[in-house]
Amino acid sequence: MLKKTLAIGSAKKIRLAAAPGDLRVTGWERDEISARTDGDALDLASGADEATVSCDGDLILTIPRRLALELEAVSGDADLRDLPSGLSLGEVSGDLSLRMVGPAAVGAAHGDLDARESGPLTVDIVHADLSVRGGKGDLSVRSALGDVSLHDVQGNVNLASVSDDLYVRGVTGSLNARVEEDAVIYLEPSDGQAVNVTAEGDILLHLSARANAALTLSAGSADDVRVEMPGLPKRDGTNPRTLILGSGGASINLKAEGDVMVTSRESDWESAAEFDFGGNWPLPDDFSERVDRRVQDAARRAAQKAEAASRRMEAGMRRAEEGMRRAEEKMRGRRFSFNWSSGRGMPPAPPADPISDEERMTILRMLQEKKISAEDAEKLLSALEGDR
């Protein structure tokens, strides 16, 4: 492993053109860069405006927090932490994890993107799942090809396209989203907040019975619009249906090709049964697809280990059986054979392998199962050792 350290002068940012493997970057208070790689090349340089890093393998990088980070491409996974000055990332081929990162712009994440306690985030495309928790700033995503899960985002959210399901619990700013599957939303709307969600599947919205909001609800038919709130009819036969709750301070527009349900009941939120969301809703922090992959990987590894162990056991049994057969033949041969040759001029026999544990265990097992006597077991062991 190569390791280098470089003092930073007046540079304002650090640039990494390409990370051929996995990348981990962490911020610290020191005014220097520390880098480690498992590759064969590692170069650090610092100029007047920027510092540069290059390597040919996995990279662990620690940089001053005051520096912004510019990444062009990461070929593996990327884990970026404690970088308050922000970052720009062109493309990451694997998963991307952001922790306590300032303003961030991401071109493409081909795996999952998980951001926690981070600042404003702009993403062009996420090819898998997107999770944002404790976001401190606006979130803008052009395309998310998997599920999207948002928890406690303090800013405006714009999701131009979500290919799978959307789960939202807590957004303080406006929310605009187009979803190809289902949407589950838990809000405590504030005056002036605007929410516009369109889904090709179903929409479930949880609001407090004391919420102040003006709602417009559109579904496949009037029967598909349902409200479960105190003092309001479940259905009124209109589509779209309009409601004024409290002072109507927030504006909420929901449109679904399937069902739309607005409820203040926790049981509806917890189960989402009438929307056929399945047992995984609300989504956990780690998406079910990721769990499934891990389970499948573990099962595959276990099956491979079991198969290898089975092959070793079968081979051991075959060796033990062959050894027993030779031992029995040798014992029979000792009763009736004579040494016709003096052995002169004959090459010495090559030394055989010592008796194996599998052969010993087979003989002991036969003794335990009373298939042979103790005397027979001693004879077999002696014969095998003598034969070796």
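Each residue of the sequence shown is one higher than the one before, starting from 400 at the first, in the working numbering.
C-beta: ideal position from N, C-alpha, C; glycine also.
Treat the numbers as computed from the prediction; the structure is a model and nothing was measured.
Cβ contact annotation for residue 628 (same chain, cutoff 8 angstroms, sequence separation greater than five): 606, 608, 644, 661, 662 and 663, in chain order. A check of alpha carbon separations from residue 624 across 454, 657, 581 and 592 identifies 657 as the nearest. Boundaries cannot be given for residue 571, as no beta strand (DSSP E) includes it and DSSP labels it neither H nor E.
In the DSSP assignment, residue 402 falls within the unbroken beta strand (DSSP E) covering 401–406. Within the model, the alpha-carbon separation for residue 439 versus residue 455 is close to 7 angstroms. Between the C-alpha atoms of residue 504 and residue 637 there is a straight-line separation of about 43 angstroms. Assigned with DSSP and collapsed to three states, residue 622 falls in helix. In the structure shown, the three-state DSSP call for residue 773 is helix.
Fewer than three Cβ pairs drawn from the segment 613–620 and the segment 574–581 lie within less than 8 angstroms of each other, which leaves the two stretches out of contact.
Sorting 541, 448, 418 and 495 by C-alpha distance to the C-alpha of residue 436 places 418 at the top. DSSP places residue 453 within a strand segment (E or B) once states are collapsed to three. DSSP places residue 660 in the uninterrupted beta strand (DSSP E) bounded by 659–662.
Taking 3 residues as the shortest admissible run, the segment 583–651 contains the following complete beta strand (DSSP E) segments, listed from N- to C-terminal end: 593–598, 602–605, 612–617, 624–627 and 640–644. Residue 543 is bridged by DSSP to 525 and 561. According to DSSP, residue 513 shares a beta bridge with 496 and 530. In this structure, the alpha-carbon of residue 486 lies about 15 angstroms from that of residue 516. Taking C-beta separations shorter than 6 angstroms and ignoring five residues to either side along the sequence, the partners of residue 498 in its chain run 480 and 515, following chain order. In the displayed model, residue 445 falls within a strand according to three-state DSSP. The criterion of a C-beta distance shorter than 8 angstroms is satisfied by residue 543 and residue 562.
Around residue 541, the same chain offers 522, 523, 524, 559 and 560 as residues with beta carbons nearer than 8 angstroms, after the five sequence neighbours per side are excluded.
In terms of CA proximity to residue 618, 652 leads the group 610, 652, 574 and 586. Taken through DSSP and simplified to helix, strand or coil, residue 763 comes out as helix.
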